[in-house]
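Following: one structure in structure tokens, then a few remarks.
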Ligand SMILES: N[C@@H](CCC(=O)N[C@@H](CS)C(=O)NCC(=O)O)C(=O)O
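Residue numbers (the working numbering): 13 to 225.
Okay, structure coming up:
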């Protein structure tokens, strides 16, 4: 198994957590987003979308999209499960994961910020403001779900880690990397702290990866 990853990639961070939880340690290939290596033909041959991460395992095309990869890992390595046992629970965990990974994270990736700069002249301060806005909106809606819904437990859904925690942690850390704080989201912050008590989460943190400042 081989993962294409980069320290600053939040989507790769999600997959690193999943791999750690499953006790898997694939070979890592580092693709430097800051040097544009994800746009080079060698990486586009792996993932035509030019986004990290990608996972190669066995036969078939590389696996892409962090949430799809996490679900693949969960199906192929069922213990510990990353999804609740019941359909309603799975829908809730997936929804929280998508608010974070889809609706929030997707709006602050390098290609989006690069387009804002190139097409609309948005400087770094403006880009950071943009990131705080969209990540903050995502975190705020997750906080509302966590506080209103009795399904929230020690973690985002019940008392065991699910893909919801993995996704929410990735976006909360992304917010911090943009200089944001989590004080406005106390329930979420408490769950993030609990997650980072687990080695699978703490070892996967972007700032602990090779190449991180
Ligand atoms: N929805 C995708 C997002 C993938 C993604 O945007 N990856 C970022 C790094 S976190 C990337 O490679 N960005 C390159 C760019 O924006 O140019 C996933 O969850 O895998």
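Just so you know, even glycine gets a beta-carbon here, dropped at the ideal spot from N, CA and C. For clarity, every value in this text was computed on a predicted model and none was experimentally measured.
{"Check": "Inter-stretch contact at 8 Å, needing at least 3 Cβ pairs: the region 206-218 / the region 18-28", "Outcome": "yes"}
{"Check": "Separation of residue 214 from residue 208, as counted between CA atoms", "Outcome": "5 Å"}
{"Check": "Closer than 8 Å: residue 164 CB and nearest ligand 1 heavy atom", "Outcome": "no"}
{"Check": "Those residues which DSSP pairs with residue 66 across a bridge", "Outcome": "16, 76"}
{"Check": "Heavy atom of ligand 1 within 8 Å of residue 207 beta-carbon", "Outcome": "no"}
{"Check": "Given residue 38 as reference, the closest of 15, 195, 47 once Cα atoms are compared", "Outcome": "15"}
{"Check": "C-alpha gap between residue 185 and residue 40, whole angstroms", "Outcome": "21 Å"}
{"Check": "For residue 40: DSSP bridge partner residues", "Outcome": "15"}
{"Check": "Residue 137 classed as buried or exposed, judged by whether at least 16 other C-beta atoms fall within 10 angstroms", "Outcome": "exposed"}
{"Check": "Neighbourhood of residue 150 by C-beta, 7 Å cutoff - its chain only, sequence neighbours within 5 removed", "Outcome": "111, 112, 115, 116, 183"}
{"Check": "C-alpha gap between residue 121 and residue 200, whole angstroms", "Outcome": "22 Å"}
{"Check": "Classification of residue 172 by the beta-carbon crowding that lies within 10 angstroms, buried from 16 upward", "Outcome": "exposed"}
{"Check": "Closer than 8 Å: residue 26 CB and nearest ligand 1 heavy atom", "Outcome": "yes"}
{"Check": "Proximity to residue 144 [Cα-Cα], best of 196, 107, 157, 164", "Outcome": "196"}
{"Check": "Beta bridge counterpart(s) of residue 170 as assigned by DSSP", "Outcome": "164"}
{"Check": "Residue 190 in three-state terms, based on DSSP", "Outcome": "coil"}
{"Check": "Check: residue 106 C-beta below 8 Å from any heavy atom of ligand 1", "Outcome": "no"}
{"Check": "Residue 27, enclosing alpha helix (DSSP H) - first and last residue", "Outcome": "22-33"}
{"Check": "Contact between the region 158-165 and the region 75-87 (3+ Cβ pairs under 8 Å)", "Outcome": "no"}
{"Check": "Residue 91 classed as buried or exposed, judged by whether at least 16 other C-beta atoms fall within 10 angstroms", "Outcome": "exposed"}
{"Check": "Best match in 178, 191, 198, 190 for proximity to residue 32 [C-alpha to C-alpha]", "Outcome": "178"}
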